[in-house]
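What follows is a short report on a single structure.
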Amino acid sequence: MVIVEGLRDKDSLKEAGVNCRVLTYGNGAEALAEKAVAQGTKSVVLLFDFDEEGERKMNEVECAFRLRGIKADREIRRKLRHVLGLCFFEEFSSRYVKFMEEFEKRVET
């Protein structure tokens with residue numbers, strides 16, 4: 013399960029072919045954590061924007077999940093920033109496509 017801030021972030025991940033369950037911050041950290049507990053979720057990936065609001069929301073979500081024994085992974089977010097140059101996850105699809113185009117050009121030569 014992946015948690016993002018908003019619908020544009022979710023849409024961008026889906027557009028890029030991410031097929032796992034993606035939930036948005038929506039009603040807040042507590043509601044997300046309760047939903048995850050009810051579904052038996054053991055771990056989540058947090059993909060929040062790299063601005064002040066994204067950091068604040070991600071910290072809130074991480075705390076709510078950890079209090080319920082659910083592992084919250086930030087590492088993938090950090091790696092995506094490094095590889096794709098992301099600041100906002102609504103850019104994920106376009107950045108991913110560009111990255112793959114560059115990759116394929118280098119492989120062809």
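Read in order, the letters of the sequence shown correspond to residues 13 to 121 in our numbering. Backbone N, C-alpha and C define an ideal beta-carbon position, used for all residues, glycine too.
query = How do the segment 47-56 and the segment 68-80 stand: do at least 3 beta-carbon pairs fall below 8 Å, yes or no?
reply = Flag = yes, the segment 47-56 and the segment 68-80 touch.
request  = Spatial neighbours of Gly42 within its chain, please: CB distance less than 6 Å, with the 5 preceding and 5 following residues excluded, ordered by chain position.
outcome  = By 1-based counting over the sequence shown, the position of residue 42 is 30. The displayed chain sequence assigns Glu, not Gly, to residue 42. Excluding five sequence positions before and after Glu42, the CB atoms of its chain that fall closer than 6 Å to its own CB belong to Ala76, given in chain order.
query = Going by other Cβ atoms of all chains shown within 10 Å of its Cβ, with 16 needed for buried, is Arg68 buried or exposed?
reply = Reading the sequence shown from its first residue, position 56 is the one you call residue 68. Per the 10 Å Cβ criterion, exposed.
query = Between Phe101, Met13 and Arg118, which lies nearest to Phe62 when the distance is taken from Cα to Cα?
reply = The residue you call residue 62 lines up with position 50 of the sequence shown. Measuring C-alpha to C-alpha distances from Phe62 to each of Phe101, Met13 and Arg118 identifies Phe101 as the nearest.
task = Would you tell me roughly how many angstroms separate the C-alpha atoms of Glu120 and Glu114, rounded to the nearest one?
result = For this step, residue 120 is matched to residue 108 along the sequence shown. For this step, residue 114 is matched to residue 102 along the sequence shown. If I take the Cα positions, the gap works out to 10 Å.
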